[in-house]
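A.B. asks: If you count by the working numbering, then the sequence shown holds residues 1 to 80, one letter each, in order.
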Amino acid sequence: MFVGIFGASNAPTELAKQISEAEEKYEEIMKSLDPHLSSSYKRRCEEATKEGGNISGHSLGTWNIPVVISDEEAYRAAQR
């Protein structure tokens, strides 16, 4: 979707921008919650992240945006 809208060269940057904006909104919502509820939710998210195998980076996980594959046919042929 992002490649179709922004092009292959701009898509990763735009995706990162959207993620950052969503994370900022998330933090604002977390601040508006009851402190006990917010703390419990954050603790559970951290546990779930560790259960998923993440052992480094931010306690709630990190993003890894892959390189855009603009020519899927050529990419698949090269993988054979």
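Idealized CB from N, CA, C, for every residue including glycine.
Closest to Ser-9 by CA distance: which of Glu-51, Ala-77, Ser-39, Pro-66 is it?
C.D. replies: Ser-9 has its Cα closest to that of Pro-66, out of Glu-51, Ala-77, Ser-39, Pro-66.
A.B. asks: Would you report the Cα separation of Ala-11 and Ile-5, rounded to the nearest angstrom?
C.D. replies: Taking the straight line from one Cα to the other gives about 8 Å.
A.B. asks: Can you check whether the CB of Met-30 is closer than 8 Å to the CB of Ser-20?
C.D. replies: Against a cut-off of 8 Å, the Cβ pair of Met-30 and Ser-20 comes out as no contact.
A.B. asks: Relative to the alpha-carbon of Met-1, which residue among Val-68, Arg-80, Tyr-75 has its alpha-carbon at the smallest distance?
C.D. replies: The shortest Cα separation from Met-1 among Val-68, Arg-80, Tyr-75 belongs to Val-68.
A.B. asks: Can you give me the Cβ contacts of Ala-16 inside the same chain, cut-off strictly under 8 Å, excluding the 5 residues immediately before and after it?
C.D. replies: Contacts found: Trp-63, Ile-65.
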